[in-house]
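Numbering (my numbering), first residue to last: 12 to 200. Report on one structure; see the data block that follows.
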């Protein structure tokens, strides 16, 4: 006589869907890592190509944040049945004669909560500063200066400049974890 299989309680829980407003594998991986580290739930994380509606290389906090928000909002409009939508946008800014790199994270849910955070900033070498100032995207400038191919979908500038000690995924994951605070501490937000 065969006995019916018991359903695993984990299998009975619905996996939550997270849409990332980019197909960049670094952005998808950092989102997977942040959600799975902070929540005792199961998530499916998918990337979606959406327009940031900002310049290819955003400059300053306002434009970079706007790009991240636009990615999250466009993802929500394109795939409203998800549970969370994430926008990640890398940017640069000038500090005097030097240039810094950073990224903004925006997380939306199907309520009214919004999570926002910014990565740490780091100064770029003068050669990258010059190329980006002349109109090149940072990822393209990284590839040219360091003889790489599509570095923005792997280590990025932070990975190259730290000799791989800080990966772009880890760099983004910390800020994504901070952007998830309002979802972890709902009673305070």
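Quick reminder that beta carbons are idealized off the backbone N, C-alpha and C, glycines included.
Just so you know, the alpha carbons of residue 43 and residue 118 end up roughly 13 Å apart. Sequence-distant partners of residue 128 (beyond 5 residues in either direction) whose C-beta falls short of 6 Å from its own C-beta, in its chain, are 116, 186, 189, 190. Rounded to whole angstroms, the Cβ separation of residue 59 and residue 86 is 5 Å, and the two are in contact under 8 Å. If you draw a straight line from the Cα of residue 41 to the Cα of residue 180, it is about 5 Å long.
Per the coordinates, the alpha-carbon of residue 105 lies some 36 Å from the alpha-carbon of residue 90.
In this structure, residue 31 sits near residue 99, with a CB-CB distance shorter than 9 Å.
The beta carbon of residue 45 is closer than 7 Å to those of 184, 187, 188, 191 in its chain, skipping five residues each way along the sequence.
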